[in-house]
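Peer 1: Dumping the structure here so I can ask a few things about it.
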Amino acid sequence: MLKKDLILRNPLKLIGTDEALLQSGAFCAVTARAGVGKTAFLVQIALYNQLRGKNVLHISLTDPVRKVDLWYREVFRRLSEKYRVQPMDHLWEEILPHRFIMTFRVEGFSAPILEERLNNLSEQGIFSPRLIIIDGLPFDKDLGPQLSGLKQFCRENDFQVWFTVRTHRHEDPGPDGVPVPLAPVFDLFDVVLQLQPEGQEIHVNALKGANSDTKELSILLDPSTMLLLDS
Amino acid sequence: MKGDIENIRNIGISAHIDSGKTTLTERILFYTKRIHAIHDVRGKDGVGATMDSMELEKERGITIASAATFCEWNNHEINIIDTPGHVDFTIEVERSLRVLDGAVLVLCSVGGVQSQSITVDQQMKRYRVPRIAFINKCDRSGANPARVIRQLREKLGHNAVAMQIPIGLEGEHQGVVDLVTMKGLTFEGAHGEAVNSGPIPEELLDEAREKREELLDAVSIFSDELTEAILEEKEIEERLIYEAIRKGTLTRELTPVFMGSAYKNKGVQPLLDGVARFLPCPRDVRNEGLDMAHDEAPVELVADPKAPVVALAFKLEEGQYGQLTYIRVYQGSLSKGDTVINVRTGNKVKIGRLVRMHADQMEDIESIQAGFIGALFGVDCASGDTFVAPGLNISMTSMYVPDPVISLAIVPKDNNAQMNIAKALNRFVKEDPTFRSFVDDETGETIIEGMGELHLEVYVERMRREYKAEVKTGAPRVRYRETITQLAEFDYIHKKQTGGAGQFGRVAGWIEPVPGEEFVFENKVTGGAIPTQYIPAVEKGFKECMAKGPKMEYPVTGVKVVLNDGASHSVDSSDMAFKAAAKGAFREVYGRAKPVIHEPIMKVVVETPNEFQGSVMGSLNQRRGLIVGSQDEGVMSVIEAEIPLSEMFGYSTVLRSLTQGKAQFTMEFATYREVPKFIAEELAKKAAETKQHVA
Numbered sequence: 000m001l002k003k004d005l006i007l008r009n010p011l012k013l014i015g016t017d018e019a020l021l022q023s024g025a026f027c028a029v030t031a032r033a034g035v036g037k038t039a040f041l042v043q044i045a046l047y048n049q050l051r052g053k054n055v056l057h058i059s060l061t062d063p064v065r066k067v068d069l070w071y072r073e074v075f076r077r078l079s080e081k082y083r084v085q086p087m088d089h090l091w092e093e094i095l096p097h098r099f100i101m102t103f104r105v106e107g108f109s110a111p112i113l114e115e116r117l118n119n120l121s122e123q124g125i126f127s128p129r130l131i132i133i134d135g136l137p138f139d140k141d142l143g144p145q146l147s148g149l150k151q152f153c154r155e156n157d158f159q160v161w162f163t164v165r166t167h168r169h170e171d172p173g174p175d176g177v178p179v180p181l182a183p184v185f186d187l188f189d190v191v192l193q194l195q196p197e198g199q200e201i202h203v204n205a206l207k208g209a210n211s212d213t214k215e216l217s218i219l220l221d222p223s224t225m226l227l228l229d230s
Numbered sequence: 000m001k002g003d004i005e006n007i008r009n010i011g012i013s014a015h016i017d018s019g020k021t022t023l024t025e026r027i028l029f030y031t032k033r034i035h036a037i038h039d040v041r042g043k044d045g046v047g048a049t050m051d052s053m054e055l056e057k058e059r060g061i062t063i064a065s066a067a068t069f070c071e072w073n074n075h076e077i078n079i080i081d082t083p084g085h086v087d088f089t090i091e092v093e094r095s096l097r098v099l100d101g102a103v104l105v106l107c108s109v110g111g112v113q114s115q116s117i118t119v120d121q122q123m124k125r126y127r128v129p130r131i132a133f134i135n136k137c138d139r140s141g142a143n144p145a146r147v148i149r150q151l152r153e154k155l156g157h158n159a160v161a162m163q164i165p166i167g168l169e170g171e172h173q174g175v176v177d178l179v180t181m182k183g184l185t186f187e188g189a190h191g192e193a194v195n196s197g198p199i200p201e202e203l204l205d206e207a208r209e210k211r212e213e214l215l216d217a218v219s220i221f222s223d224e225l226t227e228a229i230l231e232e233k234e235i236e237e238r239l240i241y242e243a244i245r246k247g248t249l250t251r252e253l254t255p256v257f258m259g260s261a262y263k264n265k266g267v268q269p270l271l272d273g274v275a276r277f278l279p280c281p282r283d284v285r286n287e288g289l290d291m292a293h294d295e296a297p298v299e300l301v302a303d304p305k306a307p308v309v310a311l312a313f314k315l316e317e318g319q320y321g322q323l324t325y326i327r328v329y330q331g332s333l334s335k336g337d338t339v340i341n342v343r344t345g346n347k348v349k350i351g352r353l354v355r356m357h358a359d360q361m362e363d364i365e366s367i368q369a370g371f372i373g374a375l376f377g378v379d380c381a382s383g384d385t386f387v388a389p390g391l392n393i394s395m396t397s398m399y400v401p402d403p404v405i406s407l408a409i410v411p412k413d414n415n416a417q418m419n420i421a422k423a424l425n426r427f428v429k430e431d432p433t434f435r436s437f438v439d440d441e442t443g444e445t446i447i448e449g450m451g452e453l454h455l456e457v458y459v460e461r462m463r464r465e466y467k468a469e470v471k472t473g474a475p476r477v478r479y480r481e482t483i484t485q486l487a488e489f490d491y492i493h494k495k496q497t498g499g500a501g502q503f504g505r506v507a508g509w510i511e512p513v514p515g516e517e518f519v520f521e522n523k524v525t526g527g528a529i530p531t532q533y534i535p536a537v538e539k540g541f542k543e544c545m546a547k548g549p550k551m552e553y554p555v556t557g558v559k560v561v562l563n564d565g566a567s568h569s570v571d572s573s574d575m576a577f578k579a580a581a582k583g584a585f586r587e588v589y590g591r592a593k594p595v596i597h598e599p600i601m602k603v604v605v606e607t608p609n610e611f612q613g614s615v616m617g618s619l620n621q622r623r624g625l626i627v628g629s630q631d632e633g634v635m636s637v638i639e640a641e642i643p644l645s646e647m648f649g650y651s652t653v654l655r656s657l658t659q660g661k662a663q664f665t666m667e668f669a670t671y672r673e674v675p676k677f678i679a680e681e682l683a684k685k686a687a688e689t690k691q692h693v694a
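Heads up: the protein sequence lines correspond to chains A and B, in order. Numbering that gives the first Met the number 0 numbers the first residue of the first sequence as 0 and each following residue consecutively. Numbering that gives the first Met the number 0 numbers the first residue of the second sequence as 0 and each following residue consecutively.
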């Protein structure tokens with residue numbers, strides 16, 4: 000299978016979060032309990048963007064660079080096996096320059112620091128992202144001011160941002176279905192997707208934006224491979 | 000051997016450059032009465048400061064950094080195994096880690112955990128080596144052992160727990176408080192040889208109690224008995240705490256941390272107690288060999304002196320009386336007069352003289368049992384060879400040796416050096432299979448090859464130092480490779496009729512890329528189109544073409560040859576004719592298979608203060624580097640990148656000037672990758688010029 004086919008087979012198009020539909024500075028979130036597959040989901044979003052030649056900045060506040068890199072290698076390997084991409088190594092090397100990983104300690108991460116780092120990268124012509132993934136931001140803390148600052152910065156620079164939001168089993172969502180940790184900053188988000196394990200399947204539900212009229216999107220996350228599938 | 004295996008400790012002392020490994024090793028040998036005087040690495044007259052430890056050792060006539068130095072402490076026999084200080088990937092580093100059962104990780108109380116400590120620690124993790132840590136230089140200005148413990152947790156992921164707290168820091172450093180015995184330890188006498196145990200200084204009591212609580216909390220998970228005693232608020236026996244710490248250390252779930260100042264003779268004896276108490280004996284460690292008869296499948300070895308012997312030659316040393324081969328016996332025992340087999344060569348070896356090395360002398364012994372380390376005299380072997388009892392086919396090391404990625408031409412400065420170079424190279428290639436040397440037929444130069452710039456520098460330095468061979472070196476050259484990118488078919492006839500017997504051979508089939516393999520040959524000829532006896536000659540012909548690619552004369556890899564047809568002549572066909580046919584076919588088909596050049600890519604990790612992050616990234620980017628990512632770690636950042644080796648020459652100087660010497664980097668081979676077109680064109684141009692020059 001060729002790269003083009005792989006892009007066309009992208010199940011994410013069913014979500015309707017194609018960047019053309021989103022305004023600059025759009026915030027998207029994927030929410031789920033620990034271990035359900037938030038990182039795997041976002042890595043797939045990143046990989047499909049890389050395949051289309053778009054630069055992705057992956058920021059992790061929990062894992063070291065090596066582990067994040069391993070996530071990408073593993074998800075890419077599974078995708079290649081599933082869609083029989085040949086030769087896999089060539090395609091990997093082709094998309095690799097479209098990714099940059101940054102890791103921070105939670106307390107060391109802020110919008111001004113990110114701005115400083117990104118300016119440094121783009122001024123030297125090293126890397127300019129279009130999509131930013133932020134994995135591990137603790138939403139149970141007061142993030143309002145930080146996220147507002149970040150949104151402003153992303154709007155000015157035309158970045159789209161995806162966040163992982165961890166929910167807890169013991170916390171019931173609000174009456175509108177919004178997970179508790181996300182409720183205070185829900186307004187800042189344009190798209191919110193929820194990964195919901197049901198039996199042997201993990202369903203992707205839209206809580207906001209995307210094709211949220213339909214609520215349950217026709218897309219699943221396969222728990223054995225962590226790959227997204229058309230349902 | 001007099002010892003009981005329970006009392007044996009085979010340990011390594013691993014340290015970042017300048018964290019005081021030499022001083023600590025020397026103090027250990029002094030307190031264990033292996034040497035009788037202490038000299039400073041940095042002498043007051045400043046002479047010592049410029050001398051490196053190897054020269055210092057020579058001057059004193061001792062070998063504190065010999066492959067394995069034996070000493071005794073509290074009825075324990077300790078073998079200190081030298082772990083090479085450089086971090087370039089070499090089989091030598093990996094091999095020495097294999098021989099260790101446990102290690103002491105030495106850290107500087109000012110510098111803390113630095114990038115090199117991270118690399119060495121990762122290697123130890125890979126070999127599942129239990130560790131205890133020693134925070135050295137507590138007498139230095141800026142000493143902060145608590146910060147280093149935090150770094151051990153955060154940067155290295157150790158469950159580090161303080162066994163002690165310092166009594167005073169920097170200029171006030173007096174000794175340590177032992178958190179198990181709750182005593183203050185101070186060190187007196189000219190060289191700190193008298194350990195005084197007294198009450199904890201008043202001002203440290205609260206801190207000591209708090210830290211002891213932390214210690215008990217961390218270790219109680221390893222002992223139900225200890226947990227019970229804590230819950231019931233009973234008097235806690237020291238034995239219980241030690242047992243729990245040992246258990247945690249052996250499973251690598253706990254790293255006990257000691258501290259002091261080796262230079263000021265403080266804290267070394269408690270560290271030795273820690274080695275004896277917490278690090279494993281050979282029986283605590285699971286060792287595996289590789290079954291060569293079953294595709295290198297792992298086989299567990301038992302530390303039973305009665306089992307058939309399996310021993311590893313881990314280091315060779317040129318001594319006064321010839322080659323000394325250091326060995327570790329993993330299973331069975333090796334006795335004088337035994338006949339064993341060298342697995343690599345298949346040769347029988349008769350064991351003559353067996354010795355055990357002390358710091359400055361050797362002792363003849365009758366046998367070496369499982370778990371013990373000793374040395375053999377007069378055995379011709381290479382480092383990494385395995386000796387086994389007849390009938391066994393187990394190797395301690397894989398036969399896979401990575402190909403060198405860099406080469407360097409060396410020219411002797413004088414006649415004397417010429418002789419010594421030959422001796423040195425002969426020894427080095429035996430010691431280290433990743434180091435190779437040969438004479439270039441075309442230029443007549445001696446070429447050395449290895450796994451990195453530093454790897455080769457170390458050997459050039461050793462030639463100078465150990466063999467008095469002064470050499471001039473050329474510019475390092477990268478080992479490029481050629482490979483093909485698409486399938487191409489061949490049908491080639493080799494025919495020669497020039498009087499006398501003729502030559503005839505026809506070969507047909509295809510070549511295709513096979514990533515991850517060097518060379519694969521598949522015979523699909525049916526119906527005897529090529530008689531079976533000529534097939535090996537065809538394979539040989541193709542294989543010989545791999546040594547020098549037709550494109551740029553670099554070695555060719557990743558090629559699969561499928562032979563599916565051909566023809567022969569009853570009189571004119573021969574092995575030679577088919578070999579020539581294969582060579583002709585390869586030359587003819589190679590260009591159609593779209594050959595490309597591959598270059599070695601190194602994984603580079605730079606640790607830099609945050610303020611230089613931008614300029615370091617810029618410097619990596621300029622080197623055709625692919626920056627994988629950056630990791631913010633408080634005041635420091637770690638940048639990981641993949642960079643072609645050809646761009647990394649002289650990078651240490653660049654990095655030093657960019658960061659005021661505050662950044663460091665490590666580099667190891669990662670993969671081979673296709674070179675960009677403009678580089679390929681440059682290489683082609685250079686190759687053409689060289690050819691012209693040689694012609």
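In this text, a Cβ means the ideal position worked out from N, Cα and C, and glycines have one as well.
For I220/B, which option in L203/B, E169/B, V112/B, T250/B has the closest C-alpha, if you only look at C-alpha atoms?
Peer 2: Nearest C-alpha to I220/B: T250/B.
Peer 1: In this structure, how does DSSP classify A64/B when only helix, strand and coil are distinguished?
Peer 2: With a pLDDT of 44 at A64/B, under the threshold of 50, the modelled position of this residue cannot be trusted; read the value that follows with caution. Three-state DSSP puts A64/B in coil, outside helix and strand.
Peer 1: With which residues is M258/B paired in a DSSP beta bridge?
Peer 2: In the DSSP output, where bridge partners are listed per residue, M258/B has I134/B.
Peer 1: Output the distance between the C-alpha atoms of R591/B and L5/A, rounded to the nearest integer angstrom.
Peer 2: Near 29 Å, if we compare the C-alpha coordinates of L5/A and R591/B.
Peer 1: By the 10 Å Cβ neighbour count, where 16 or more other Cβ atoms means buried, how is R708/B classified, buried or exposed?
Peer 2: The structure shown does not extend to residue 708/B, since chain B spans only 0 to 694, so no value can be given for it.
Peer 1: Is S629/B close to chain A? Criterion is C-beta to C-beta, closer than 7 Å.
Peer 2: Yes, its Cβ sits closer than 7 Å to a Cβ of chain A.
Peer 1: State the Cα-Cα distance for the pair K210/B and I4/B, rounded to the nearest angstrom.
Peer 2: Rounded to whole angstroms, K210/B to I4/B spans 34 Å at the Cα level.
Peer 1: For A194/A, tell me which candidate among L227/A, P86/A, D62/A has the shortest Cα-Cα distance.
Peer 2: Looking at the sequence provided, one finds Leu at residue 194/A rather than Ala. For the residues L227/A, P86/A, D62/A, the minimum Cα distance to L194/A belongs to L227/A.
Peer 1: Run down chain E in chain order and give the residues with a C-beta less than 7 Å from the C-beta of D88/A.
Peer 2: No chain E appears in this structure, whose protein chains are A and B.
Peer 1: Does L104/B come out as helix, strand or coil in the three-state DSSP assignment?
Peer 2: Looking at L104/B - three-state DSSP - the assignment turns out to be strand.
Peer 1: Using DSSP with H/G/I as helix, E/B as strand and the rest coil, what is G288/B?
Peer 2: In the structure shown, G288/B sits in a strand (DSSP, three-state: E or B).
Peer 1: Can the beta-carbon of A546/B be found less than 7 Å from the beta-carbon of H493/B?
Peer 2: Against a cut-off of 7 Å, the Cβ pair of H493/B and A546/B comes out as no contact.
Peer 1: Answer with yes or no whether the minimum CB distance from N620/B to chain A is below 7 Å.
Peer 2: Yes, N620/B lies at the interface with chain A (some Cβ there is under 7 Å from its Cβ).
Peer 1: Which residues in chain A have a C-beta closer than 8 Å to the C-beta of R672/B? List them in chain order.
Peer 2: Ordered by position in chain A, the residues that pass the 8 Å Cβ test against R672/B are E92.
Peer 1: Closest to K602/B by C-alpha separation, out of D413/B, L625/B, F133/B, would be which residue?
Peer 2: Cα-wise, what sits closest to K602/B is L625/B.
Peer 1: Would A45/A and V55/A qualify as a contact pair, given that the criterion is a beta-carbon distance under 7 Å?
Peer 2: Yes, the Cβ-Cβ distance between A45/A and V55/A is below 7 Å.
Peer 1: Using CA coordinates, which residue listed in S636/B, I77/B, N419/B, V218/B is at the minimum distance from Y466/B?
Peer 2: Per the Cα distances, N419/B.
Peer 1: Put Y325/B into one of helix, strand or coil per three-state DSSP.
Peer 2: Y325/B: strand per DSSP, three-state reduction.
Peer 1: For T224/A, I'd like the list of residues in its chain whose CB is within less than 6 Å of its CB, leaving aside the five on either flank, ordered along the chain.
Peer 2: Here the set comprises R77.
Peer 1: Going by C-alpha distance, which of M635/B, G660/B, E552/B is nearest K685/B?
Peer 2: The residue with the shortest Cα to Cα distance from K685/B is E552/B.
Peer 1: Please report the residue range of the alpha helix (DSSP H) in which G111/B lies.
Peer 2: From DSSP, G111/B is part of no alpha helix (DSSP H); its letter is neither H nor E.
Peer 1: What does the alpha-carbon distance come out to for the pair D171/A and V184/A?
Peer 2: Answer to the nearest angstrom: the Cα atoms are 17 Å apart.
Peer 1: Indicate whether the contact test is met: 3 or more Cβ pairs, each with one atom in the stretch 25–32 of chain A and one in the stretch 155–162 of chain A, closer than 8 Å.
Peer 2: Yes: at least three Cβ pairs fall under 8 Å.
Peer 1: Look at the alpha carbon of I63/B and the alpha carbon of Y325/B, and state the distance between them as a whole number of angstroms.
Peer 2: Here the model assigns I63/B a pLDDT of 39, short of 50, so the residue's position is not dependable and the matter cannot be decided.
Peer 1: Helix, strand or coil, according to DSSP, for T226/B in the structure here?
Peer 2: Reduced to three states, the DSSP call for T226/B is helix.
Peer 1: Against chain A, which members of the stretch 106–135 of chain B pass a CB distance test of less than 9 Å?
Peer 2: Hits within the stretch: zero.
Peer 1: At 9 Å on the CB atoms, spell out the chain B contacts of F99/A, in chain order.
Peer 2: Here the neighbours are I626, V627, G628, S629.
Peer 1: With respect to the alpha helix (DSSP H) encompassing I244/B, which residues constitute its N-terminal and C-terminal limits?
Peer 2: Counting along the chain, the alpha helix (DSSP H) containing I244/B begins and ends at 237–249.
Peer 1: By the 8 Å beta-carbon criterion, what residues does the stretch 603–618 of chain B contribute toward chain A?
Peer 2: Going along the stretch 603–618 of chain B in chain order, one finds Q612, G613, M616, G617 with a Cβ nearer than 8 Å to chain A.
Peer 1: Would you list the residues sitting across from Y589/B in a DSSP beta bridge?
Peer 2: Beta-bridge pairing links Y589/B to no other residue.
Peer 1: Going by DSSP, which residues form a beta bridge with S196/B?
Peer 2: BP columns for S196/B point to L184/B.
Peer 1: Taking the alpha carbon of K349/B as the reference point, which residue from Y329/B, V387/B, A662/B, W72/B has its own alpha carbon closest?
Peer 2: It is V387/B whose Cα lies nearest to the Cα of K349/B.
Peer 1: Which same chain residues, not among the five before or five after M647/B, have their C-beta less than 8 Å away from its C-beta?
Peer 2: The answer, listed in chain order, is E452, M601, V603, R622, M666.
Peer 1: On a CA-only basis, which of D564/B, S394/B, D337/B is nearest R97/B? Give me that one, please.
Peer 2: Closest option to R97/B, Cα to Cα, is S394/B.
Peer 1: From V84/A to K2/A, what distance separates their C-alpha atoms?
Peer 2: Straight-line Cα distance between these residues: approximately 8 Å.
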